[in-house]
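Please read the structure below before turning to the comments.
Residue numbers (my numbering), protein chains in the order written: chain R, 1 to 291; chain V, 1 to 403.
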């Protein structure tokens, strides 16, 4: 009796152990480091400093700039990716010539590595030789080239555009799958009942898509909030602190300054913000599981 | 601390691989990085192994990533007691490695190495540690100089500048329409450009050396080149190596600063339209240019120090050093090798040699690596954009080094 009650746990044990090794241990280690003055090139001198790393970040101008930029980064990138993805999915759900080809091509940006996208857009935006300035100059939209990545008022938005281009196919594909899962008879019934296009979207499509969209938004928010590769390649966080986000700043402190203690404190703060998003997702998943 | 040291020592003892196999062959693990990942040292290794039958070289290519990736991996490997026997290293990281007690002093081995005298005394002196010992064996070097477009200078009727004043005049004369006088590198790695004018103009890394009236004035003058005289392209705060080279090749800038590593690429694109001179000097005749180094070091944890030294000293010896530099495009440390140098056009090798008189390295202290990666670029970019005053930038650098 006892053994049968324990059986599920025996089966779960390998997965739990693997999670503990690759998730829980690094998390605990990050927390430990955040309470120490842990500098990688001083491995023999790691004093406990309590909350000093956290006090330091409160007085750190770069932290506050990075935090604000992170909100702008997540809000705009995820919002625009969703809007573009939704539009693309609705178009791709309609019948038109070469639809299959269009559905295949739309995935291309998502399939490209972030570093390639970063490099590609760096050259598109290049001040002297870039494609964007060339087109805008030729068509007379601007009189002189724009330093897209060197102007602190524009740089963050320029990088966001690159990320939107990379990420919108995720929403397009997920929403398209959701659209195709809505039974055709519901559309037919609504049409017979005289529903307009907008009414059909509101009463048939939206309820069917709501769950998919919410999950996609939550996942993408977590990914975008954590992502730093495109920024690192395109601007390295500059000019100044103009494109610093929290994960990038934590990365730079840890891997450039070798200040793993302070970098960990920054990472813990980012984690606390993301936990609120993750908690919402977990609560929703649990509610569905027990429904 | 004691517990950590004990654990580290125990792990090292258990994890240390069997380095000498049954046939008596010693395997030396060596970490290297080449800018062009298609280059492989396999042929060099085969030559060495043929001449040294008891030693096998296990070469591991480590991604460079602007230096960050390479050193993060190296420090992590040292902390985890899984470091290679020897590796390519730069002077800027020596202090950190010394603080980790990771480096093996090599004075004794160098003393017994016949070809050590083929490397110039200047180079050996530049590679000495603050404690007077030698931990590095020089492998290659570059000295930064000023590239200028001969055609654009002729059109503007100016000569290659020798002083800061002449530099400003030349930059202003060549700045016309969409051409800018100087392709300044404001992204990571651009401290060399700043150093030529601000360290050359009197700033130093000694305590208080960044905030003397002379140092502050030199930095104001440099920032004004971009902000007031507008001789830098507006993209300068974010420009990296690729941008400064491509802009120069495309005729969008008339001058820039780099080293012999880019000379062949420049000549391929521009032929005789490109030439080089040492970076300009201040009115008092002083100057500064960056000495770019690359050496090999042996780690204290290595159990194959003798074999490792055979390998790294062989790499720095005459023909093998010349062969090695074919992969990296830099200059040989061997005097005999330099006598028959054919890898770069003479005018760029001459500009490098003439610049040696003012060539120097950044301070050999742990703070330098972070200065290069974040402190300098962030503050330079903010100063160029007017977000902070030039003096704030110098105060930030002073704080970084001296608290």
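Just so you know, even glycine gets a beta-carbon here, dropped at the ideal spot from N, CA and C.
**Request:** Tell me, please, whether the CB atom of residue 53(R) is closer than 9 Å to any CB atom in chain V?
**Result:** no
**chain V contacts from the stretch 252-274 of chain R (Cβ-Cβ distance under 9 Å)** = 252, 253, 254, 255, 256, 257, 258, 259
**Message:** Quick check on residue 169(R) - is its C-beta less than 9 Å from some C-beta in chain A?
**Reply:** Going by chain labels, chain A is absent from the structure shown, which instead holds the protein chains R and V.
**Request:** Indicate whether residue 216(R) and residue 171(R) have their beta-carbon atoms separated by less than 9 Å.
**Result:** yes
**Prompt:** Around the Cβ of residue 72(R), are there at least 16 other Cβ atoms within 10 angstroms (buried) or fewer (exposed)?
**Reply:** exposed
**Asked** To which residues does DSSP link residue 434(V) through a beta bridge?
**Response** The requested residue 434(V) does not occur in the structure, where chain V is confined to residues 1 to 403.
**Prompt:** Whole alpha helix (DSSP H) runs in the stretch 84-166 of chain V with 4 or more residues, listed along the chain?
**Reply:** 94-99, 107-111, 121-126, 150-156
**Asked** Per DSSP, which one or two residues make a beta bridge with residue 293(V)?
**Response** 141(V)
**Message:** Quick check: is the beta carbon of residue 96(R) nearer than 9 Å to any beta carbon in chain V?
**Reply:** no
**Message:** Just verifying my parser: in three-state terms, what is the DSSP assignment at residue 175(R)?
**Reply:** helix
**Asked** Taking just the CA atoms, how far does residue 303(V) sit from residue 27(V)?
**Response** 10 Å
**Prompt:** Hey, which unbroken runs of the beta strand (DSSP E) at 3 residues or more fall wholly within the stretch 160-244 of chain R?
**Reply:** none
**Item:** Beta bridge counterpart(s) of residue 283(V) as assigned by DSSP
**Value:** Partner(s): none; residue 283(V) has no beta bridge.
**Message:** Please return the same chain residues whose Cβ sits closer than 7 Å to the Cβ of residue 120(V), not counting the five positions on each side in sequence.
**Reply:** 335
**Burial state of residue 25(R), where buried means 16 or more other Cβ atoms lie within 10 Å** = exposed
**Item:** Cβ separation of residue 289(V) and residue 359(V), assumed to be a contact under 8 Å, to the nearest whole Å
**Value:** 5 Å
**Asked** Closest by CA to residue 250(V), which one among 264(V), 237(V), 270(V), 232(V)?
**Response** 270(V)
**Message:** Looking at the strands, I want to know which residues DSSP matches up with residue 229(V).
**Reply:** Answer is none; residue 229(V) lacks a bridge partner.
**Prompt:** Of the residues that make up the stretch 228-259 of chain V, which ones have a beta carbon closer than 9 Å to any beta carbon in chain R?
**Reply:** 233, 234, 235, 236, 237, 238, 239, 240, 242, 243, 246, 247, 250, 252, 253
**Message:** For residue 29(R), report the span of its alpha helix (DSSP H) as first-last.
**Reply:** 25-34
**Asked** Looking only at C-alpha atoms, which of 202(R), 224(R), 161(R) sits nearest to residue 122(R)?
**Response** 161(R)
**Message:** Between residue 44(R) and chain V, is any beta-carbon pair separated by less than 9 Å?
**Reply:** yes
**Request:** Output the distance between the C-alpha atoms of residue 212(V) and residue 203(V), rounded to the nearest integer angstrom.
**Result:** 7 Å
**Asked** For residue 374(V), which option in 191(V), 321(V), 138(V), 137(V) has the closest C-alpha, if you only look at C-alpha atoms?
**Response** 191(V)
**Request:** Taking C-beta pairs closer than 7 Å, name the residues in chain R that residue 165(V) reaches, listed in chain order.
**Result:** Residues of chain R passing the Cβ test: none, with the nearest at roughly 27 Å.
**Item:** Cα-Cα separation, residue 71(V) to residue 345(V)
**Value:** 33 Å
**Message:** Taking only three categories from DSSP, how would you classify residue 8(R)?
**Reply:** helix
**Asked** In chain order, what residues of the stretch 123-135 of chain R put their CB closer than 8 Å to some CB of chain V?
**Response** 126, 127, 128, 129
**Request:** Using a Cβ-Cβ cut-off of less than 7 Å, give me the residues of the stretch 226-249 of chain R that come near chain V, in sequence order.
**Result:** 235, 236, 238, 239, 240, 241
**Prompt:** Which residues, in chain order, does the stretch 59-84 of chain R contribute to contact with chain V at a C-beta distance below 9 Å?
**Reply:** 62
**Asked** When DSSP builds the beta bridges, which residues end up paired with residue 193(V)?
**Response** BP columns for residue 193(V) are empty, so no partner.
**Interface residues of chain R facing residue 72(V) [CB-CB closer than 7 Å]** = 255
**Asked** Along chain V, in chain order, which residues have C-beta atoms closer than 9 Å to that of residue 31(R)?
**Response** Per Cβ cutoff of 9 Å: no residues; residue 31(R) is ~18 Å from chain V at best.
**Request:** Using beta-carbon positions only, say whether residue 296(V) and residue 87(V) come within less than 9 Å of one another.
**Result:** yes
**Message:** Does any residue of chain R have a CB that is nearer than 9 Å to the CB of residue 130(V)?
**Reply:** no
**Per-residue contacts from residue 343(V) into chain R (C-beta, under 9 Å)** = None at all; the shortest Cβ gap to chain R is about 28 Å.
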